[in-house]
Structure formats: structure tokens, C-alpha cells
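Pasting the structure below:
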């Protein structure tokens, strides 16, 4: 009898506890569902924020470079000079404005004798589509006349004649092995109108050979030729032809520039400048490096003077070696010999730490 009563009590207790257990289990399940929903929402927000950050990083890039220079020279009169310089610092910010436009701005600090300045070296907007061979560039940039090939740290004399930054508008075309561009630029001596123009064309082949040509309707209106000996205002045209060839570790290049006549100078000279360079990529002291040799020469520039000093040397020879210092840095040693039109030489050795990021 007692056993029957005990069994009945247990049955009643179990029956009474089942609704309470079911309610507690349902509450736990609801709480768990809410927690899972909350975690899913947090994960979605985190992924969206990460995607937005990745998109911003893809649209905005920052790069820069800095060259630190130690130099020693023996001048034509036998005297000696040496110096330490932060030669140049560049900071470039590039941003994708939208699907078709890219904005790029470069700030530059440059050591130039006693002058030290920070300035906007380039500020351009490029309009282009991925599937189109055409592009349009507008803003402030280097006038793209000379083609400076070679890995020498010191610029060739062709750059001395054509180094010019100006406000310009450039239309470019590139398809297959052919590329061309035409451009207008403001000019230095007469900014009342924009009537300075240039044109470039090039063929670049898969075997490493390339050939190009260029034309400028008025090189007089560029920065290097703002000299007191040049008093005329007539346009002086200039033309260029360049070739290059790369095979394995060897790169060869040549460039030839010729201007029209400067009628205000005695003999009405037209200026000729040419440049040859050879580069050889090799390993130096266990790291990637490069050996370079460059030679450039001018003809009929001795009458182009400013404050009584010649604007251009008669010839310039560079012999250099560079070696990478881990990533994004290299050490450069370079010998430079310049000869003036009197036949006197200036010899310089440059030691450069070049960095970039």
C-alpha cells in the first residue's frame, strides 16, 4: 500500500514539473536566439566597417622619397668643395575621386644652393576609363618633352635644357605598341595666352626595343631658358628623337634634341644636346644593384648665359654604382665629370642614401 502511494506521489510530482521545465527551456532558447541575432548584427557592422576602411585605403595612397647627399668636388681652378645636404624630399598623395578620375598631388622640398623651399611640384587630375585608350590630364606637371632614360643619379644635360614644370592640359592615347600625346602649356615668359604646344609619339615593342619622337613649338618659353642673354620674343621650336633597348640585365638608351635658331645671339646658333646611357643590373655585395654609365654633350650653347655664367656645360660623364639596403632604400656612389667650353674639368663624387615608401 505504501509503495502504491509513493509511486502515485512521484507521478504527480513529475507531471507537475514538466510545464515548469518546458517554460524554462523556452525562455533559454529565446535568450539564445536573441544573443545570436545580436552577435550576427555586430559581426555585420564590423565587416561593413572593415569593407569601408579597405575601400578608403584602396582609393587613397601615400608615397614619398628622400635623398640624403654627401658630395666632394675638385673645381676647374684646382680648389675643393664638399657639402652635406638633404637633397630632396617628396610626398605624393593620390586619390581615386571616382571611377574615371584620379587626383595626384606632390609636395617637394629641394636644396638649391642657399635656397631651401617646400613647394607644390605637381597637382594633376587624370580622367581615363579602364577600357578606353584615351586619357586626359590637367593641372601642374613637368612638360613631357625630354625622355630621361638611364639610372644615373645625376641628370643628363638633356634634362638641364628641358626641366620645366608648368600648368598644362594633355590628351593621351595608348593602344598596343603605339602611344601618343599632345599638350598645351602656359609658359614662363608670356602668361597672357596659352599658345605653347607639344607632341610626342612612341612605339614600344615586346622584344625590349622602343623608339620615340617629340616636338615643342616654343622651347624659349620654358624655365631653363629664362636667361638675360636671351632677349628675343620669337618662338624657338625644338625636336627630339629617342631609342632604347633592354635585353636581360642590360639597358641601353640614346636621346637627341635640337632647337631652332636663337636669332638674338651672335651666329644665330641652334642648340644640339644628346645623351647616351648604359645600365647593368647585377648583384653587388650580396644584394641587388646596378652599374650605370652616362655621357651627354651640348653643341653651340656657350653663348647662352645668365649673369655672365654659362647655362650649360659642354659635356657631362657619370659613372655610378647602386646597391639595395633591404627594402625601399639604396646606397649610390657616383663619379661625375663636367667639361666647360674652355676645356676645363670639374670632378665630383656623390654619395647618396636614397629612400622611398
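Residue numbers (my numbering): -6 to 350. Yeah, the Cβ is synthetic: ideal placement off N, Cα and C, and Gly gets one too.
### Reference residue 234; option with closest CA among 209, 297, 159 and 311
Sequence index remark: in the chain shown, residue 234 carries index 241 (1-based). Of the candidates 209, 297, 159 and 311, the residue whose Cα lies closest to the Cα of residue 234 is 209.
#### Entry: Presumed contact (8 Å Cβ cut-off) between residue 89 and residue 98, rounded CB distance
Walking along the chain shown from the start, residue 89 turns up at place 96. Walking along the chain shown from the start, residue 98 turns up at place 105. Not quite, the Cβ-Cβ distance comes to about 14 Å (not below 8 Å), so this is no contact.
### Query
Which one of 297, 174 and 224 has the shortest CA to CA distance from residue 126?
Mapped onto the chain shown, residue 126 falls at position 133. Sorting 297, 174 and 224 by C-alpha distance to the C-alpha of residue 126 places 174 at the top.
### Task
Throw me the rounded Cβ distance for the residue 313 and residue 65 pair, which I believe falls under 8 Å.
On the chain shown, residue 313 is found 320 positions in, with the first residue counted as 1. On the chain shown, residue 65 is found 72 positions in, with the first residue counted as 1. In fact, because the Cβ distance is near 15 Å, the residues do not count as touching under 8 Å.
### Message
Applying the 10 Å Cβ sphere with the 16-neighbour rule, what's the burial state of residue 7?
### Response
Position 14 of the chain shown, counted from the start, is the residue given in the question as residue 7. Legend: pLDDT at residue 7 = 49, less than 50; position of this residue unreliable, value from coordinates given subsequently. Residue 7 comes out exposed.
### Message
For a quick check, are the C-beta atoms of residue 222 and residue 165 less than 7 Å apart?
### Response
As a position in the chain shown, residue 222 is number 229, starting the count at 1. As a position in the chain shown, residue 165 is number 172, starting the count at 1. If you check the CB distance, residue 222 and residue 165 do not come in under 7 Å.
### Query
Relative to the C-alpha of residue 168, which residue among 189, 142, 198 and 67 is closest?
Your numbering for residue 168 matches position 175 in the chain shown. For residue 168, the nearest C-alpha among the options comes from 198.
### the stretch 189 to 208 in contact with the stretch 225 to 239 per 3-pair CB rule at 8 Å
In short, these stretches touch, since the Cβ pair count reaches three.
### Message
Assess contact between the stretch 324 to 344 and the stretch 254 to 261, defined as three or more Cβ pairs (one per stretch) separated by less than 8 Å. Is contact present?
### Response
Pairwise C-beta distances place the stretch 324 to 344 out of contact with the stretch 254 to 261, as fewer than three of them are shorter than 8 Å.
### Whole-angstrom distance between residue 320 and residue 134, CA atom to CA atom
Looking up residue 134 in the chain shown gives position 141. Looking up residue 320 in the chain shown gives position 327. In a straight line, the C-alpha of residue 134 is about 28 Å away from that of residue 320.
### Task
Out of 93, 345 and 160, state which residue places its alpha-carbon closest to the alpha-carbon of residue 121.
Position 128 of the chain shown, counted from the start, is the residue given in the question as residue 121. Residue 93 is the option with its Cα nearest to residue 121.
### Close-in-space but distant-in-sequence residues of the same chain around residue 282 (CB under 7 Å, 5 per side omitted)
Residue numbering aside, residue 282 sits at position 289 when the chain shown is read from its first letter. Around residue 282: 275, 276, 314, 315, 316 and 317.
### Complete beta strand (DSSP E) runs within the stretch 119 to 181 (minimum length 3 residues, chain order)
With a minimum length of 3 residues, the continuous beta strand (DSSP E) runs that stay inside the stretch 119 to 181 are 127 to 135, 158 to 168 and 171 to 178.
### Task
With a floor of 3 residues, list each beta strand (DSSP E) that falls wholly inside the stretch 212 to 298, ordered by position along the chain.
The beta strand (DSSP E) runs of length 3 or more contained entirely in the stretch 212 to 298 are, from start to end of the chain, 231 to 240, 243 to 254, 263 to 277 and 280 to 292.
### Query
Out of curiosity, what's the CA-to-CA distance linking residue 351 and residue 30?
Lying before the first or after the last residue shown, residue 351 is absent from the chain, which here runs from -6 to 350.
### Query
For residue 161 versus residue 138, is the C-beta distance shorter than 7 Å?
The residue given as residue 161 occupies position 168 in the chain shown. The residue given as residue 138 occupies position 145 in the chain shown. 7 Å or more divides the Cβ of residue 161 from the Cβ of residue 138.
### Task
Have a look at residue 193 and residue 34 and give me their C-alpha separation to the nearest angstrom.
Taking the first residue of the chain shown as position 1, residue 193 is located at position 200. Taking the first residue of the chain shown as position 1, residue 34 is located at position 41. When rounded, the distance between both Cα atoms is 56 Å.
### Query
Would the beta-carbon of residue 201 fall within 7 Å of that of residue 240?
As a first step, residue 201 is located in the chain shown; it is residue number 208 there, counting from the start. As a first step, residue 240 is located in the chain shown; it is residue number 247 there, counting from the start. Less than 7 Å divides the Cβ of residue 201 from the Cβ of residue 240.
### Task
May I have a chain-ordered list of the beta strand (DSSP E) segments no shorter than 3 residues that lie completely inside the stretch 65 to 90?
With a minimum length of 3 residues, the continuous beta strand (DSSP E) runs that stay inside the stretch 65 to 90 are 73 to 89.
### Same chain, Cβ closer than 6 Å to residue 190, five either side skipped, listed in chain order
Stepping through the chain shown from its first residue, residue 190 is reached at position 197. For residue 190, where only same-chain residues beyond five positions count, the Cβ hits under 6 Å are 177 and 210.
### Task
Find out if the Cβ-Cβ distance for the pair residue 63, residue 77 is shorter than 7 Å.
Position 70 of the chain shown, counted from the first residue, corresponds to residue 63. Position 84 of the chain shown, counted from the first residue, corresponds to residue 77. Going by C-beta atoms, residue 63 is nearer than 7 Å to residue 77.
### Query
Just the Cα atoms here: how many angstroms apart are residue 304 and residue 341?
Sequence index remark: in the chain shown, residue 304 carries index 311 (1-based). Sequence index remark: in the chain shown, residue 341 carries index 348 (1-based). Going from the Cα of residue 304 to the Cα of residue 341 covers about 18 Å.
### Message
So, at 6 Å on beta carbons, what are the nonlocal neighbours of residue 86 in its own chain, with the 5 sequence-adjacent residues on each side left out?
### Response
Translated into the one-based positions of the chain shown, residue 86 becomes position 93. Closer than 6 Å at Cβ, skipping near neighbours: 55 and 98.
#### Entry: 6 Å CB neighbourhood of residue 82 in its chain, flanking five on each side removed
In the chain shown, counting from the first residue as 1, residue 82 sits at position 89. For residue 82, same chain residues with a beta-carbon under 6 Å away, outside a window of 5 residues either side, are 59 and 102 in chain order.
### Task
State the Cα-Cα distance for the pair residue 332 and residue 69, rounded to the nearest angstrom.
For the purposes of this step, residue 332 is identified with residue 339 of the chain shown, where counting begins at 1. For the purposes of this step, residue 69 is identified with residue 76 of the chain shown, where counting begins at 1. When rounded, the separation of the alpha-carbon atoms in residue 332 and residue 69 is 9 Å.
### Task
Could you check if residue 306 is buried or exposed, using at least 16 other CB atoms within 10 Å of its CB as the buried criterion?
Stepping through the chain shown from its first residue, residue 306 is reached at position 313. Counting C-beta atoms within 10 angstroms of its own C-beta, residue 306 has 16 or more neighbours from the protein chains shown and is therefore classed as buried.
### Query
Among residues of its own chain, excluding the 5 on either side of residue 180, which ones have a beta-carbon nearer than 6 Å to its beta-carbon?
On the chain shown, residue 180 is found 187 positions in, with the first residue counted as 1. 189 and 214, listed in sequence order.
### Query
In its own chain, which residues sit with a C-beta less than 7 Å from the C-beta of residue 170, not counting the 5 before and 5 after it?
By 1-based counting over the chain shown, the position of residue 170 is 177. Closer than 7 Å at Cβ, skipping near neighbours: 196, 197 and 198.
#### Entry: C-alpha distance - residue 186 paired with residue 67, whole-angstrom precision
Working through the chain shown from its first residue, we reach residue 186 at position 193. Working through the chain shown from its first residue, we reach residue 67 at position 74. Each residue's alpha carbon lies about 45 Å from the other.
### For residue 348 and residue 272, the rounded distance between their alpha carbons
Taking the first residue of the chain shown as 1, we reach residue 272 at position 279. Taking the first residue of the chain shown as 1, we reach residue 348 at position 355. Rounded to the nearest whole angstrom, the C-alpha separation of residue 272 and residue 348 is 20 Å.
### Task
Assign residue 186 to one of three DSSP states: helix, strand, or coil.
Along the chain shown, one-based indexing puts residue 186 at 193. In the structure shown, residue 186 sits in coil (DSSP, three-state: anything other than H, G, I, E or B).
#### Entry: Sheet register partners of residue 93 (DSSP bridge)
The sequence position of residue 93 within the chain shown is 100, counting from 1. Paired residue(s): none; residue 93 is not in a bridge.
### Task
Figure out for me which residue from 284, 245 and 224 has the closest Cα to the Cα of residue 297.
By 1-based counting over the chain shown, the position of residue 297 is 304. Closest by alpha carbon: 224.
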